[in-house]
Amino acid sequence: MIVDSLLHSNFDIVTEMLSLFLATALSAPVIPEPPGRGISESLARERSGSIAGLRYELSFFVPESRQQPVQGRATVRFTLKAPHRIVFDFAQSREHIGSIWMANQEVAWNFSDGHIVIPASATRAGENEITIEFTAGDESLNRNDDFLYTLFVPARAQLAFPCFDQPDLKARYTLTLEVPPAWEAVANGAESAPPTNGAGGGRRITFAETQPLPTYLFAFAAGKFSVETATRSGRTMRMYHRETDAAKVTRNRDAIFDLHASALGWLEDYTRIPYPFGKFDIVLIPSFQFSGMEHAGAILYNSASLLLDQSATQNQLLDRASVIAHETAHMWFGDLVTMQWFNDVWMKEVFANFMAAKIVNPSFPQVNHELRFLLSNYPQAYQIDRTAGANPIRQPLNNLNEAGQLYGAIIYQKAPIVMRQLEMLMGQTAFREGLREYLRKYSFGNATWLDLVKILDARTPQDLAAWSHAWVEERGRPEFTTTLHVEGDRVSRLTLNVRDPLQRGLVWPQRLRIAFGYQGTIRQLPVTVTQSSITVSAAARLPRPLYVLPNGGGLGYGLFVLDDQSRDYLLQHIEDVPDALTRGAAWVTLWENLLEGRFAAGQFIDAVVRALPRESRSEEHTSEPPVTFRNLVCRLLLEK
Numbered sequence: 002m003i004v005d006s007l008l009h010s011n012f013d014i015v016t017e018m019l020s021l022f023l024a025t026a027l028s029a030p031v032i033p034e035p036p037g038r039g040i041s042e043s044l045a046r047e048r049s050g051s052i053a054g055l056r057y058e059l060s061f062f063v064p065e066s067r068q069q070p071v072q073g074r075a076t077v078r079f080t081l082k083a084p085h086r087i088v089f090d091f092a093q094s095r096e097h098i099g100s101i102w103m104a105n106q107e108v109a110w111n112f113s114d115g116h117i118v119i120p121a122s123a124t125r126a127g128e129n130e131i132t133i134e135f136t137a138g139d140e141s142l143n144r145n146d147d148f149l150y151t152l153f154v155p156a157r158a159q160l161a162f163p164c165f166d167q168p169d170l171k172a173r174y175t176l177t178l179e180v181p182p183a184w185e186a187v188a189n190g191a192e193s194a195p196p197t198n199g200a201g202g203g204r205r206i207t208f209a210e211t212q213p214l215p216t217y218l219f220a221f222a223a224g225k226f227s228v229e230t231a232t233r234s235g236r237t238m239r240m241y242h243r244e245t246d247a248a249k250v251t252r253n254r255d256a257i258f259d260l261h262a263s264a265l266g267w268l269e270d271y272t273r274i275p276y277p278f279g280k281f282d283i284v285l286i287p288s289f290q291f292s293g294m295e296h297a298g299a300i301l302y303n304s305a306s307l308l309l310d311q312s313a314t315q316n317q318l319l320d321r322a323s324v325i326a327h328e329t330a331h332m333w334f335g336d337l338v339t340m341q342w343f344n345d346v347w348m349k350e351v352f353a354n355f356m357a358a359k360i361v362n363p364s365f366p367q368v369n370h371e372l373r374f375l376l377s378n379y380p381q382a383y384q385i386d387r388t389a390g391a392n393p394i395r396q397p398l399n400n401l402n403e404a405g406q407l408y409g410a411i412i413y414q415k416a417p418i419v420m421r422q423l424e425m426l427m428g429q430t431a432f433r434e435g436l437r438e439y440l441r442k443y444s445f446g447n448a449t450w451l452d453l454v455k456i457l458d459a460r461t462p463q464d465l466a467a468w469s470h471a472w473v474e475e476r477g478r479p480e481f482t483t484t485l486h487v488e489g490d491r492v493s494r495l496t497l498n499v500r501d502p503l504q505r506g507l508v509w510p511q512r513l514r515i516a517f518g519y520q521g522t523i524r525q526l527p528v529t530v531t532q533s534s535i536t537v538s539a540a541a542r543l544p545r546p547l548y549v550l551p552n553g554g555g556l557g558y559g560l561f562v563l564d565d566q567s568r569d570y571l572l573q574h575i576e577d578v579p580d581a582l583t584r585g586a587a588w589v590t591l592w593e594n595l596l597e598g599r600f601a602a603g604q605f606i607d608a609v610v611r612a613l614p615r616e617s618r619s620e621e622h623t624s625e626p627p628v629t630f631r632n633l634v635c636r637l638l639l640e641k
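With the numbering used here applied, the sequence shown covers 2 to 641.
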């Protein structure tokens, strides 16, 4: 009994101690992890889960000499559900940070790995306001003696000012610039008042508050710019430029405004959403890094892409129209609805290209657009997708400082092929209505690819979740083979077989046009791939063809293995294929079969030497690289 009593007594003491320990541990504040370098996905989720109602009031003082630093002030307003630490991104040294205060009082803060950290004890539930004085970094301000422009994509705003540099913390921006007296300035928002004299003797320009934007789309440019103004369909547009050749400006001016107006009108009709950002300006930058950048309300372009010489070719005119339509399409796809995280950066690019083609192609009826699409996209996508290092379209991204690794041929060349397949699978009407719903639902917000898939899936009997898994979430391409059964001089059966070379059991649902080639003519057989083996009923009782080209219509995506007869015929007679699109698909297919070791390289070279002299640019309905057969084959040979 005494032993039992002691055991019970000790047990009660241990239980009480354990309860006290657990209570203390559970009530102790959780110490957040240090933010670390870059912007991790966990940091981004922490901030987007706690910060709402975000606004930036920014001021920049730009001195006359670019040897002097740009000084700035940021007042950041937001709401919190409860006190929470605030982590600003500012990828500069500590010396770039001046004072930081809240409610007219300086606050304690820490700085590490490019982050300003304000403790939770300094914040409160509800409205918070933090003001930071800083010296801006020049890396993303692109300063020249006579002008500067910002370029903050993908996460470079933090080089210029303290911010939350992630796409799903959209904010409204109010901007004040003090620039040298002879400079003009343009930003996302409209000028809210006439310029005044700044305290430092410069020109002070204030811009009205914007619609919600991510940091990578916030932008301004300032410098010795000339300004052209035009009105189209009741909308006033301005073009800022530094071109000194007045004749060149005059020659291109109206076409540039017309192309933008046409693209805006088409997109408003297609989306059923009016242009969402009020004023519309464009800025032509000498030697700009890209063809264009879709800053809402202030698109930046490489001036050489828009101000063309008098001798401009058809392809240059088409390229100009395409880049204008592309950047304008971004106002809806990327700007109005923005990706939640940069793993979906491909979405905004593929939709901008997709819409640009719909806008521009009808204005260039003399161009073989399907051939151009084939030769511009398939070889480059295959170059990556055939390798062991191939990546899926939608890739994981743990930190925004790795976002540059996402770009490449899979995003820019494979994704357009995939999107065309999706529209064909759903039908144009259902696809368009789904996009309209997506844009309405997520206007001025963020969405993921899976959010769009869910909306589209409700508008088609197809299993788009499975479709997306194969095409977007997985890497690689299918392999197609054909088996032709002939009785006499007629086809009794054609079977198309599909396999996953990586043995995952994937099927890539898609539309094909199989070409049956005859002397001087071609018969195209439409096929919908939904399973690993398909009997092509349309082939039955057709005359025996000279060759079977599984991707003769240039639609399908994969390795199309040629049967022996078809391969030998095309190697010997490819120049006799009468249709340019089919012939282009044959060149690409032969090349892919060569790389798979299905015939000798010398046979391909013999075909090239024999056939290419007969290829005429006029027959291809185009005039320049990169889409001529000559350039295609040269590029393929260089790849090898």
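Where a beta carbon is used, it is the ideal one built from N, C-alpha and C, also for glycine.
Would you report the Cα separation of residue i and residue j, rounded to the nearest angstrom?
{"i": "residue 456", "j": "residue 420", "result": "15 Å"}
{"i": "residue 547", "j": "residue 325", "result": "44 Å"}
{"i": "residue 361", "j": "residue 314", "result": "16 Å"}
{"i": "residue 426", "j": "residue 440", "result": "21 Å"}
{"i": "residue 276", "j": "residue 299", "result": "13 Å"}
{"i": "residue 565", "j": "residue 346", "result": "42 Å"}
{"i": "residue 446", "j": "residue 53", "result": "12 Å"}
{"i": "residue 192", "j": "residue 175", "result": "10 Å"}
{"i": "residue 162", "j": "residue 94", "result": "12 Å"}
{"i": "residue 260", "j": "residue 428", "result": "28 Å"}
{"i": "residue 462", "j": "residue 477", "result": "26 Å"}
{"i": "residue 395", "j": "residue 422", "result": "17 Å"}
{"i": "residue 73", "j": "residue 65", "result": "15 Å"}
{"i": "residue 268", "j": "residue 545", "result": "47 Å"}
{"i": "residue 198", "j": "residue 207", "result": "11 Å"}
{"i": "residue 584", "j": "residue 576", "result": "8 Å"}
{"i": "residue 56", "j": "residue 77", "result": "6 Å"}
{"i": "residue 568", "j": "residue 317", "result": "36 Å"}
{"i": "residue 393", "j": "residue 450", "result": "13 Å"}
{"i": "residue 113", "j": "residue 38", "result": "8 Å"}
{"i": "residue 435", "j": "residue 466", "result": "15 Å"}
{"i": "residue 86", "j": "residue 482", "result": "59 Å"}
{"i": "residue 239", "j": "residue 507", "result": "50 Å"}
{"i": "residue 149", "j": "residue 528", "result": "54 Å"}
{"i": "residue 581", "j": "residue 589", "result": "12 Å"}
{"i": "residue 586", "j": "residue 555", "result": "6 Å"}
Going by DSSP, what residue range makes up the alpha helix (DSSP H) through residue i?
{"i": "residue 574", "result": "565-574"}
{"i": "residue 370", "result": "370-386"}
{"i": "residue 394", "result": "It is not in any alpha helix (DSSP H) - residue 394 carries neither H nor E in the DSSP assignment."}
{"i": "residue 604", "result": "602-612"}
{"i": "residue 314", "result": "Note, residue 314: premise wrong, no alpha helix (DSSP H); not H, not E."}
{"i": "residue 185", "result": "Looking at the DSSP string, residue 185 is not in any alpha helix (DSSP H); the run it does join, the beta strand (DSSP E), is 185-188."}
Hey, residue i and residue j: beta-carbon distance below 8 Å or not?
{"i": "residue 271", "j": "residue 460", "result": "no"}
{"i": "residue 551", "j": "residue 530", "result": "no"}
{"i": "residue 514", "j": "residue 526", "result": "yes"}
{"i": "residue 243", "j": "residue 287", "result": "yes"}
{"i": "residue 562", "j": "residue 518", "result": "no"}
{"i": "residue 1", "j": "residue 120", "result": "Outside the displayed range of the chain (2 to 641) lies residue 1, so it cannot be described from this structure."}
{"i": "residue 250", "j": "residue 308", "result": "yes"}
{"i": "residue 140", "j": "residue 160", "result": "yes"}
{"i": "residue 187", "j": "residue 284", "result": "yes"}
{"i": "residue 1", "j": "residue 216", "result": "What is shown of the chain runs 2 to 641, which leaves residue 1 out entirely."}
{"i": "residue 498", "j": "residue 533", "result": "yes"}
{"i": "residue 341", "j": "residue 168", "result": "yes"}
{"i": "residue 252", "j": "residue 290", "result": "no"}
Just curious, the beta strand (DSSP E) that residue i is in, first and last residue?
{"i": "residue 143", "result": "Premise fails: residue 143 is in no beta strand (DSSP E) and is neither H nor E."}
{"i": "residue 229", "result": "227-233"}
{"i": "residue 208", "result": "204-208"}
{"i": "residue 668", "result": "One cannot answer for residue 668 here, as it falls past the ends of the chain, which runs 2 to 641."}
{"i": "residue 113", "result": "111-113"}
field: 3-residue-minimum beta strand (DSSP E) runs that sit fully inside the region 38-103, ordered along the chain
entry: 52-62, 72-81, 87-90, 98-103
- request: Answer yes if the region 173-189 comes into contact with the region 220-240, meaning at least three C-beta pairs across the two stretches below 8 Å, and no otherwise.
  value: The region 220-240, when compared against the region 173-189, does touch it at the 8 Å Cβ threshold.
task: Would you check if there are 3 or more beta carbon pairs closer than 8 Å linking the region 333-340 to the region 274-292?
output: The answer is yes - the region 274-292 touches the region 333-340, with three or more Cβ pairs under 8 Å.
task: Report yes or no: do the region 101-120 and the region 137-148 share at least 3 C-beta pairs separated by less than 8 Å?
output: No, the region 101-120 is not in contact with the region 137-148.
query: Does the region 599-610 come close enough to the region 567-576 to have 3 or more Cβ pairs within less than 8 Å?
result: Flag = yes, the region 599-610 and the region 567-576 touch.
query: Taking only runs of the alpha helix (DSSP H) that begin and end inside the region 322-375, which ones reach a length of at least 4 residues, in chain order?
result: 346-361
query: Mind pulling the beta strand (DSSP E) runs of 3 or more residues that sit fully within the region 229-293?
result: Listed in chain order, the complete beta strand (DSSP E) runs (minimum 3 residues) inside the region 229-293 are 236-242, 281-286.
message: Could you check whether the region 327-334 touches the region 364-382, counting it as contact only if at least three pairs of C-beta atoms, one from each stretch, sit closer than 8 Å?
response: no
- prompt: If you pair each beta-carbon of the region 395-413 with each one of the region 487-494, do three or more pairs fall below 8 Å?
  reply: no
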